[in-house]
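Just so you know, the protein sequences line up as chains A and B, in that order.
So the first sequence is numbered by the numbering used here: it starts at 3 and just counts up by one.
So the second sequence is numbered by the numbering used here: it starts at 17 and just counts up by one.
Glycine residues also receive a C-beta, built at the ideal position from the N, C-alpha and C atoms.
Taking it in order: structure first as structure tokens, then the write-up.
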Amino acid sequence: MSIEPSSGGGGGTVERSQESSLADVVNTILDKGVVVDVFARVSLVGIELLRVDARVVIASVDTYLRFAEAVGRLDMGSEEPKQLDEMVGEIGEKGSEGVSKGKAKGALEAGAEKLDDILGTGDEEKEAATSREEG
Amino acid sequence: MSDEQGRVWVYGIVPADAQLQQLESRDDLPDVWLVESGELAAIVGDAPEDDAKATRNQALGHARVLETAVRDAPVVPMRFGVMCPSDDDVASGILDDQSEQLAELLERLEGQVEMVLKVEYDDGSVLRQIVREQPEVAELREAIGQGSEDATRDQRIRLGELIGNAIEQRRERDSAAILGQLEDAVLESQNDPPEKELMVLNAALLVERDGVEKLEQAVEEVAKERDEMHFKLIGPMPAYHFIETEEPAAA
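Put into structure tokens, the structure is as follows:
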């Protein structure tokens, strides 16, 4: 895997990845590709749990409350955008320097973390997969 | 080995004369072999012993095998989960039975690959912009800051809803603009539904095999103008989104 964040220029970051992560492709491999129904397909109960579906999440009270919370914590005066989780960690402790853009995780990425939880549960072979990714 | 277990997993179809050096040289992928018939070959491997294990590892393995193969040859990907009783059944039931369509698809995909572009808003930047642009959001934000959590619940829900709507509007505007800017670098594009709240674009892009670099440059250009977004470009991978497939008959 190669990741080359773009440098300088003040633009948005570009991450270049030669290989997909599971979250990147799970919907694609479940929905796309040629089907041959002559033969049995594997039961998809397990894999369906891995599906990424944010449509359910977006228009919910829970989401709205998190948006409101994130907006409440914004430092509107700051030139350098601060990351939300940093703000969470420094309530009432204004003035620290912002962390480098793109490294910190925002509070709104909690949804993504929830997904990671799902991806990681119910599979006893997770460690093998992880070491394979790294190797 | 496949016969002992009685089932083989079918990853995808390639031309029989494909030289899949990268697939052969990788030792971090599931073991696979080729079943050939006529001008076609299927990339197959051992199926998991029981379906319950066909989850994370199998899905990642499926995607990785196909991504690796497509670096050297056109690949028709099978949908996740296709299995056959034996190598012979792969040859007769898939390669021979569907030889015409598969050969046609492979010919069409010769020299084309799919790239995936996922773009997300940086939460701090986009929320700050929305507060600046929408007076009602700014007012609610101020009002909520002074009240207790319980007392402001309705206001907070209203604030969140306004933000959700604003993000939705931006998403529509920005995704169309980005795809428009990339038009010259791609043959076809398909924008899937967002997978995260702050996802701007979740697009599959069909490009010429030797056009990947051009796309990379185009994405860099687009990103330069968009401080408030993170871009992730993934691939090449098989042209999953750009092959016609028949849905299995609804039972």
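Straight-line gap, residue i to residue j (C-alpha atoms, nearest Å)
i, j, result
"residue 93 (chain A)", "residue 138 (chain B)", "Since pLDDT at residue 93 (chain A) reaches only 38, below the 50 mark, its modelled position is unreliable, and no value is offered."
"residue 229 (chain B)", "residue 170 (chain B)", "50 Å"
"residue 44 (chain B)", "residue 119 (chain B)", "29 Å"
"residue 156 (chain B)", "residue 176 (chain B)", "10 Å"
"residue 69 (chain A)", "residue 82 (chain B)", "38 Å"
"residue 76 (chain A)", "residue 143 (chain B)", "8 Å"
"residue 197 (chain B)", "residue 191 (chain B)", "10 Å"
"residue 188 (chain B)", "residue 56 (chain B)", "42 Å"
"residue 66 (chain A)", "residue 107 (chain B)", "53 Å"
"residue 242 (chain B)", "residue 123 (chain B)", "38 Å"
"residue 32 (chain A)", "residue 102 (chain B)", "23 Å"
"residue 71 (chain A)", "residue 90 (chain B)", "48 Å"
Residue i: contacting residues in chain A (beta-carbon distance under 9 Å)
i, result
"residue 119 (chain B)", "The premise fails here: residue 119 (chain B) is roughly 13 Å from chain A at the closest Cβ pair, so nothing lies under 9 Å."
Where residue i sits in the DSSP three-state scheme
i, result
"residue 87 (chain A)", "For residue 87 (chain A), the pLDDT reaches just 47, beneath the cut-off of 50, and the residue's location in the model is therefore unreliable, leaving the point undetermined."
"residue 167 (chain B)", "coil"
"residue 94 (chain A)", "For residue 94 (chain A), the predicted model reports a pLDDT of 36, less than 50, meaning its position is unreliable; a value from the coordinates is still stated below. Looking at residue 94 (chain A) - three-state DSSP - the assignment turns out to be coil, as it is neither helix nor strand."
"residue 38 (chain A)", "coil"
"residue 81 (chain A)", "Note that residue 81 (chain A) scores 48 on pLDDT, short of 50, meaning its location in the model is unreliable and no value can be drawn from it."
"residue 14 (chain A)", "coil"
"residue 114 (chain B)", "coil"
"residue 128 (chain B)", "strand"
"residue 97 (chain B)", "coil"
"residue 151 (chain B)", "helix"
Neighbouring residues, chain A, relative to residue i (Cβ below 8 Å)
i, result
"residue 249 (chain B)", "16, 17, 18, 19"
"residue 59 (chain B)", "Those do not exist, as residue 59 (chain B) stays about 13 Å from chain A at its closest Cβ, beyond 8 Å."
"residue 160 (chain B)", "70, 74"
"residue 90 (chain B)", "Near residue 90 (chain B) there are no residues of chain A at all, since even the closest Cβ is about 13 Å away, more than 8 Å."
Outcome for residue i when other beta-carbon atoms lying within 10 angstroms are tallied against a minimum of 16
i, result
"residue 38 (chain A)", "buried"
"residue 140 (chain B)", "buried"
"residue 97 (chain B)", "buried"
"residue 181 (chain B)", "exposed"
"residue 78 (chain A)", "exposed"
"residue 63 (chain A)", "exposed"
"residue 41 (chain B)", "exposed"
"residue 37 (chain B)", "exposed"
"residue 112 (chain B)", "exposed"
"residue 213 (chain B)", "buried"
Residues that residue i contacts on chain A, provided the C-beta gap is smaller than 7 Å
i, result
"residue 180 (chain B)", "60, 61, 65, 66, 69"
In chain order, what are the residue ranges of uninterrupted beta strand (DSSP E) at least 3 long that sit wholly in the region 183-240 of chain B? Every unbroken stretch of the beta strand (DSSP E) spanning 3 or more residues and falling wholly within the region 183-240 of chain B is given here in chain order: 204-207, 215-224.
Interface residues of the region 220-249 of chain B facing chain D [CB-CB below 8 Å]: Of the chains in the structure shown, none is chain D; the protein chains are A and B.
My parser needs the alpha helix (DSSP H) runs of 4 or more residues fully inside the region 39-93 of chain B; what are they? 72-85
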